[in-house]
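Report on the structure given below.
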Amino acid sequence: MDTVTDQTHTISVNQLRAFIERIERLEEEKKTISDDIKEVYAELKGSGFDSKAVRSIIRLRKKEDHERMEEEAIIQLYKNALGMS
Numbered sequence: 001m002d003t004v005t006d007q008t009h010t011i012s013v014n015q016l017r018a019f020i021e022r023i024e025r026l027e028e029e030k031k032t033i034s035d036d037i038k039e040v041y042a043e044l045k046g047s048g049f050d051s052k053a054v055r056s057i058i059r060l061r062k063k064e065d066h067e068r069m070e071e072e073a074i075i076q077l078y079k080n081a082l083g084m085s
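Here the sequence shown is numbered in the working numbering, starting from 1 and rising by one per residue.
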């Protein structure tokens, strides 16, 4: 290979290695955060709270008000249709 091709190859390999190492670091951080969240849920449960209900609340809080209201209206409609209200 000529010098330009060698340099291009080296740059590509170095760039690829850098991407992979960044992803690996982020995956490790994600695992650490996931472990921390599990600990908080364990504390929550130990304090007498229902972790399933809290997960639902967190999921709902991530939504916009109009999205949440629409979902709740649809759920209520389905519950009414099934005689669950």
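The C-beta atom is built at its ideal place from N, Cα and C for all residues, glycine as well.
- Straight across, the Cα-Cα distance linking Tyr78 with Arg17 is about 52 Å.
- DSSP places Lys63 in the coil class of the three-state scheme, outside both helix and strand.
- Taken in chain order, the complete alpha helix (DSSP H) segments of 4 residues or longer contained in the stretch 12 to 69 are 51 to 61.
- In this structure, Leu60 keeps its C-beta atom at 8 Å or more from the C-beta atom of Ser51.
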